[in-house]
Amino acid sequence: MRCPKIHAAYHALRDTKGLPWPKDHEKNADADLLEWLQAMFGFQKDNVSNQREHLILLIASMHIRQISKHEQHPKLDDHVLDTTMKKLFKNYKRWCKHLGRKTSLWLPTIQQEVQQRKLLYMGLYLLIWGEAANLRFMPECLCYLFHHMAFELYSVLAGNVSPTTGENVRPSYGGEEAFMKKVVTPICKIVEMEDERSKTIKPKYCHRRNYDDLNAYFWSSDCFRLGWPMRPMLIFSRRGATCASCALLPHHKCVCVCASSWPQSGLGSNSHGGGAGGVDEARQSSYGRQQLVMGQ
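Per this note's numbering, the very first residue in the sequence shown carries number 65; after that it's consecutive.
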């Protein structure tokens, strides 16, 4: 904590002013933005601790690179925050652009609240990534989850009212460990079901679907048929939209892989099994650049 850059990031995360806490939540004296995200979206406690350290060191690392050692900044520099945010959401913005959707990164008009909102968006993304388990092999699926959860975050802070209940908007998935139980687990079960199905069909490559094939569903605007709260069974419903790459012949899938580019990581890794902005960013960027060459 002696490093001024770490100190600045740490104190920026402690700014919880104006956040609407759940009525049944016991707010700690040292509560920060990630604890608020945990209370609202139901992330696991250990994940919150890991991603708090991850985010602080990520910002501090960028701060050290951007700001001269001789300059002492008691507060978090806005340019540093913007640079970190740009790198972290690079693939998400490409995904939105490809599908013709606006991002859910809405910022408040009050200047004093902008920095807090940016930190909340980054914290939310890292918490989703940290708890996604094997869904990290489906980066566009994570984009879909973040897209809806970030919009809910915006709606909560804007004080939007639900047209159905007439009450203030609250996250669709809430409660203790809700994200793991109600979001990650159902999708993982779909992946498991598909794996079991693959064992019963012809032993041909073109008839099997792996993580890349399942993730391809989220390359198409058809993925928004899942809605929010999600209906994950629709991902591979024969009556509904199906994974775009499932019908590809092997040589078409090879074209998809060859069309990918693998840029060097821009953010590096952390001590918790690789950074969300490190190895995963390289993978995510490559998927974002594939441009759906399948059959086009």
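By construction, the Cβ of each residue, glycine as well, lies at the ideal position given by its N, Cα and C atoms. No experiment lies behind these values; they were computed from the predicted model shown.
Contact check, residue i vs residue j, beta carbons under 7 Å
i, j, result
"ASN111", "GLY194", "yes"
"VAL144", "HIS127", "yes"
"GLY212", "TRP292", "What sits at residue 212 in the sequence shown is His, not Gly. A contact, by the Cβ cut-off of 7 Å."
"ASP94", "GLN180", "no"
"GLY106", "GLY238", "yes"
"GLN130", "GLU241", "no"
"VAL233", "VAL220", "yes"
Residue range of the unbroken alpha helix (DSSP H) whose run includes residue i
i, result
"MET297", "Looking at the DSSP string, MET297 is not in any alpha helix (DSSP H), and its letter there is neither H nor E."
"ARG116", "109 to 130"
"TRP159", "154 to 163"
"ARG261", "249 to 262"
"GLY187", "175 to 195"
"ASN274", "Taken as a continuous stretch (DSSP letters only), ASN274 belongs to no alpha helix (DSSP H), as it is neither H nor E."
"ALA72", "68 to 77"
"TRP85", "TRP85 -> no alpha helix (DSSP H), and no H or E assigned at all."
"TRP100", "97 to 105"
Cβ shell of residue i (< 7 Å), same chain only, five flanking positions each side left out
i, result
"TYR218", "SER168, TRP170"
"LYS69", "ALA124, HIS127, ILE128"
"HIS89", "ALA103"
"CYS310", "At CYS310 the pLDDT is 45, less than 50, meaning the model places this residue with poor confidence; the figure from the coordinates comes in the next sentence. Closer than 7 Å at the Cβ level, and outside the excluded window around CYS310, lie ARG273, ASP277."
"MET257", "none"
"LEU190", "GLN115, HIS118, LEU119, ALA340"
Same chain, Cβ closer than 6 Å to residue i, neighbours up to 5 away in sequence not counted
i, result
"MET104", "PRO235"
"ARG116", "LEU98"
"PHE201", "TYR275"
"CYS160", "THR167"
"CYS318", "With a pLDDT of only 39 at CYS318, under the threshold of 50, the placement of this residue in the model should not be trusted, and no figure is reported."
"LYS91", "TRP85"
"PHE215", "SER168"
"PHE282", "GLU204, CYS205, TYR208"
Residue i classed as buried or exposed, judged by whether at least 16 other C-beta atoms fall within 10 angstroms
i, result
"SER125", "buried"
"ASN114", "buried"
"PRO327", "Unreliable placement is indicated for PRO327, whose pLDDT of 45 sits below 50; no coordinate value is reported for it."
"ASN155", "buried"
"LEU140", "buried"
"SER226", "exposed"
"PRO203", "buried"
"ASN334", "Any reading at ASN334 must be qualified, since the residue scores a pLDDT of 43, below 50, and its modelled position is unreliable; the value itself is stated next. Buried: at least 16 other Cβ atoms inside 10 Å."
"ILE299", "buried"
"GLU231", "exposed"
"MET297", "exposed"
"CYS67", "exposed"
"THR148", "buried"
"ILE251", "buried"
"ALA196", "buried"
"ALA222", "exposed"
For residue i: DSSP bridge partner residues
i, result
"VAL225", "ASN232"
Neighbourhood of residue i by C-beta distance below 8 Å, restricted to the same chain and skipping five residues each side
i, result
"ILE192", "LEU206, LEU209, PHE210, MET213, PHE243"
"LEU77", "ASP96, LEU97, LEU98, ARG116, LEU119, ILE120, LEU183, GLY187"
"LEU290", "TYR208, PRO296, LEU298, ILE299"
"GLN175", "none"
"ASP146", "LYS182"
Any C-beta of chain C under 7 Å from that of residue i
i, result
"LEU171", "The chain labelled as chain C is not found in the depicted structure, where only one protein chain is given."
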